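Data block below; observations after.
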Amino acid sequence: MSHEHVSNTKRIWFVFGLLSVVTTVEVILGILKPESLEFTFFIGLNLLNWIFYILTIFKAYYIVWAFMHMEGETSSLRWSVVAPVIFLVLYLLFILLTEGHYIYGVFKDSTIKWNF
Amino acid sequence: MEATVTTANNEEKTWGGGNEPLRASYGKMMMWFFIVSDALTFSGFLAAYGFSRFKFIETWPLADEVFTHFPFMHGVDAPMYYVALMTFILIFSSVTMVLAVDAGHQLKKTKVAIYMFLTIIGGLIFVGSQAWEWKNFIKGEFGAVETSGGSLLQFVDKDGKRVALADFAVKLPEQREALTRSHGTWFTESAEAPATYSVAEVQAGFAANPDLLIRTEQLTAKKKKTILTREESIARLGTAKYVVEGANLTRNEYGSKLFADFFFFITGFHGFHVFSGVIINIIIFFNVLLGTYEKRRSYEMVEKVGLYWHFVDLVWVFVFTVFYLV
């Protein structure tokens with residue numbers, strides 16, 4: 270093992286606090302849905318959803334880095350796990366969401382009402 | 098023992114095993130790559146959900162209106178609270194898991210056992226909560242009708258508040274024949290039981306209540322469902338074909354059919370992961386109690402199931418955002 274086996278209970282509780290606060294913020298925003306955020310768009314996505322996605326990535330980072338102890342692994346292991354996931358997920362989202370949007374257009378503009 | 102834990106004293110045997118180019122044991126590295134593949138599977142599901150949602154972006158159900166239940170608060174509109182509670186339970190069980198791993202590093206057997214036990218309890222509560230969520234989703238609350246064109250119509254009063262079918266549908270004199278086994282079709286050809294009310298009963302009840310209006314799936318610019326005028330409502334209800342109560346894989350009272358399908362599939366697949374995680378945790382918990390890892394002088398197995406358990410939490414973070422927030 271490359272990393273030291275020291276107890277880092279303090280950090281664990283800190284990360285727990287952080288994740289709880291972020292989740293609480295998400296829930297509050299999800300219930301209130303402030304209009305100024307929900308109907309202001311930035312690159313095709315409203316600000317509220319931007320906030321939700323950014324907070325999600327933030328939480329994911331802390332879960333992987335602190336709880337799964339990624340920060341203690343070698344950078345070669347870090348990259349070989351994280352890079353493929355990020356690249357493939359972005360690619361997958363790009364392809365599927367673009368296609369989904371295209372099909373939405375087909376339904377909207379053509380005479381087909383509903384076939385799948 | 099060498100199969101599960103490699104110790105770092107094999108430096109000279111470069112080709113003889115025990116070589117750790119990534120400075121992680123074989124088992125831990127493989128757990129990481131299993132997680133990579135599982136993460137891609139879940140990404141595929143969530144991206145497919147996004148695809149279908151983009152396809153029906155103007156008619157997709159609003160999560161706030163679907164998930165509104167909280168235990169012991171019947172009839173209270175409580176969007177998000179329950180799922181937030183579930184999220185906290187899962188995050189907390191992740192914390193106890195990482196505390197177990199931490200105690201394992203210091204070879205403290207009792208502490209590991211206690212934290213593992215708490216993790217298992219947290220996991221069981223989460224799975225139970227999900228079952229309750231499914232129960233409410235399947236049972237439904239208001240009911241709706243589906244038109245012959247496949248769109249869904251819900252009922253509201255003058256103020257736009259949802260009205261349940263049971264509140265207005267009339268009981269018409271029995272129009273359904275009592276079928277004998279030789280004539281019955283629904284129980285031989287389809288598992289779907291007939292709804293509580295027939296389309297005609299809903300239509301008659303609607304005609305008798307002049308205050309009722311119909312709400313379509315169409316979202317307005319303000320992200321609310323469109324409410325039709327009384328005349329439009331009556332015309333639209335004329336095309337009704339099915340009465341829909343609750344949800345199944347064929348149709349659901351919330352809106353787009355795919356919404357329920359994805360809900361069942363994605364939360365179900367995640368719930369299955371939680372369940373298998375609980376089982377694996379129980380096995381490791383007993384190994385801890387038996388002193389298996391104490392004898393090995395290494396609690397790396399706890400670390401490996403810990404990775405899996407955190408991954409389950411990680412997936413939930415994304416499911417939570419995609420299904421309930423966005």
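In order, the protein sequence lines correspond to chains Z and X.
Residue 270 is where the first sequence starts when you use the numbering used here, and the numbers rise one by one after that.
Residue 98 is where the second sequence starts when you use the numbering used here, and the numbers rise one by one after that.
Glycine residues also receive a C-beta, built at the ideal position from the N, C-alpha and C atoms.
All of these numbers come straight from a predicted model, not from anything done at the bench.
CB contact check: Gly141/X to chain Z, cutoff 8 angstroms: Taking the first residue of the second sequence as 1, we reach residue 141/X at position 44. Closer than 8 angstroms to some Cβ of chain Z, the Cβ of Gly141/X qualifies, so yes.
Beta-carbon neighbours of Leu411/X, restricted to chain Z and to distances below 9 angstroms: On the second sequence, residue 411/X is found 314 positions in, with the first residue counted as 1. Correct list: Lys328, Ala329, Ile332, Val333, Phe336 and Met337.
Simplified DSSP state of Thr323/X, which is helix, strand or coil: Here the question's residue 323/X lines up with position 226 in the second sequence. Of the three classes helix, strand and coil, the one that applies to Thr323/X here is strand, per DSSP.
Beta-carbon proximity list for Lys320/X, same chain, < 8 angstroms, skipping 5 on both sides: Translated into positions along the second sequence, residue 320/X becomes position 223. Same-chain partners within the cutoff: Leu159.
Buried/exposed call for Ile380/X, threshold 16 Cβ in 10 Å: As a working note, residue 380/X is residue 283 in the second sequence. Ile380/X should be labelled exposed.
Residues near His331/Z in its chain [Cβ-Cβ closer than 8 angstroms; skip 5 each side]: Within the first sequence, numbered from 1, the residue matching residue 331/Z stands at position 62. The residue you asked about is not His; residue 331/Z is Tyr in the sequence shown. Here the set comprises Val284, Leu287 and Leu288.
The alpha helix (DSSP H) enclosing Lys258/X, as first and last residue numbers: Locating residue 258/X in the second sequence gives position 161, where the first residue counts as 1. Note, Lys258/X: premise wrong, no alpha helix (DSSP H); not H, not E.
Tyr339/X - partner residues in DSSP beta bridges: Working through the second sequence from its first residue, we reach residue 339/X at position 242. According to DSSP, which records beta bridges pairwise, Tyr339/X is partnered with Glu243/X.
Under the three-state DSSP convention, the category Phe310/Z falls into: Taking the first residue of the first sequence as 1, we reach residue 310/Z at position 41. In this structure, Phe310/Z counts as strand in the three-state DSSP scheme.
Beta-carbon gap between Leu365/Z and Ala144/X smaller than 8 angstroms: Looking up residue 365/Z in the first sequence gives position 96. Looking up residue 144/X in the second sequence gives position 47. The answer is yes: Cβ separation under 8 angstroms.
Endpoints, the alpha helix (DSSP H) within which Ile377/X is located: Within the second sequence, numbered from 1, the residue matching residue 377/X stands at position 280. Gly365 to Leu387 is the extent of the alpha helix (DSSP H) around Ile377/X.
Closer than 8 angstroms to chain Z by CB, His171/X: Taking the second sequence and counting its residues from 1, the one referred to as residue 171/X is at position 74. Judged by the 8 angstroms Cβ criterion, His171/X is not in contact with chain Z.
C-beta contact flag for Asn277/Z and Asp199/X at 8 angstroms: Position 8 of the first sequence, counting from 1, holds the residue named residue 277/Z. Position 102 of the second sequence, counting from 1, holds the residue named residue 199/X. Contact flag set, yes.
Per-residue contacts from Ser149/X into chain Z (C-beta, under 8 angstroms): Start at 1 with the first residue of the second sequence, and residue 149/X comes out as number 52. Neighbours of Ser149/X on chain Z, chain order: Gly369.
Among Phe408/X, Arg312/X, Lys392/X and Phe415/X, nearest to Lys206/X - alpha-carbon criterion: The count along the second sequence starts at 1 and reaches residue 206/X at position 109. With distances taken between Cα atoms, Lys206/X lies closest to Lys392/X.
Option in Ile297/Z, Gly299/Z and Leu316/Z with minimal Cα separation from Ser305/Z: On the first sequence, residue 305/Z is found 36 positions in, with the first residue counted as 1. For Ser305/Z, the nearest C-alpha among the options comes from Leu316/Z.
Beta carbon proximity, Met98/X to chain Z, threshold 8 angstroms: Locating residue 98/X in the second sequence gives position 1, where the first residue counts as 1. Note that Met98/X scores a pLDDT of 42, beneath 50, so its modelled location is shaky; the value from the coordinates is reported in the next line. So no, Met98/X is outside the interface.
Cα-Cα separation between Arg424/X and Glu342/Z, rounded to whole angstroms: In this structure chain X extends from 98 to 423, so residue 424/X is not present and cannot be described.
Member of Ala266/X, Val163/X and Phe139/X whose CA lies at the smallest distance from the CA of Val354/Z: Here residue 354/Z corresponds to residue number 85 of the first sequence, with the count starting at 1. Of the candidates Ala266/X, Val163/X and Phe139/X, the one whose C-alpha sits nearest the C-alpha of Val354/Z is Phe139/X.
Residue-chain proximity (Met127/X, chain Z), Cβ-Cβ < 8 angstroms: As a working mapping, residue 127/X is identified with position 30 in the second sequence. It does not; no Cβ of chain Z falls within 8 angstroms.
CB contact flag (Glu117/X, Gln315/X, <8 angstroms): On the second sequence, residue 117/X is found 20 positions in, with the first residue counted as 1. On the second sequence, residue 315/X is found 218 positions in, with the first residue counted as 1. Taking 8 angstroms as the Cβ cut-off, Glu117/X and Gln315/X do not qualify as a contacting pair.
First through last residue of the beta strand (DSSP E) which encompasses Ile323/Z: As a first step, residue 323/Z is located in the first sequence; it is residue number 54 there, counting from the start. Counting along the chain, Ile323/Z falls outside any beta strand (DSSP E), though it belongs to the alpha helix (DSSP H) covering Leu316 to Tyr331.
Test: Thr184/X CB closer than 8 angstroms to a CB of chain Z: In the second sequence, counting from the first residue as 1, residue 184/X sits at position 87. Yes - at least one Cβ of chain Z is within 8 angstroms of the one on Thr184/X.
Val267/X and Gly240/X closer than 8 angstroms at C-beta: One-based indexing of the second sequence puts residue 267/X at position 170. One-based indexing of the second sequence puts residue 240/X at position 143. No.
Residues near Gln300/X by beta carbon distance below 7 angstroms, same chain, minus five either side: Against the second sequence, residue 300/X aligns to sequence position 203. For Gln300/X, where only same-chain residues beyond five positions count, the Cβ hits under 7 angstroms are Leu334 and Ala337.
Cβ pair Trp129/X, Ser353/X closer than 8 angstroms: Position 32 of the second sequence, counting from 1, holds the residue named residue 129/X. Position 256 of the second sequence, counting from 1, holds the residue named residue 353/X. No, the pair does not count as a contact, with Cβ atoms beyond the cut-off.
Ala344/X at chain Z interface by Cβ criterion, 8 angstroms: Here residue 344/X refers to the residue found at position 247 of the second sequence. So, not an interface residue.
Distance, Gly257/X Cα to Met337/Z Cα: Residue 337/Z sits at position 68 when you count from the first residue of the first sequence. Residue 257/X sits at position 160 when you count from the first residue of the second sequence. C-alpha separation (whole angstroms): 47 angstroms.
Neighbouring residues, chain X, relative to Ser289/Z (Cβ below 8 angstroms): For the purposes of this step, residue 289/Z is taken as the residue at position 20 of the first sequence. Result: Phe185 and Ile188.
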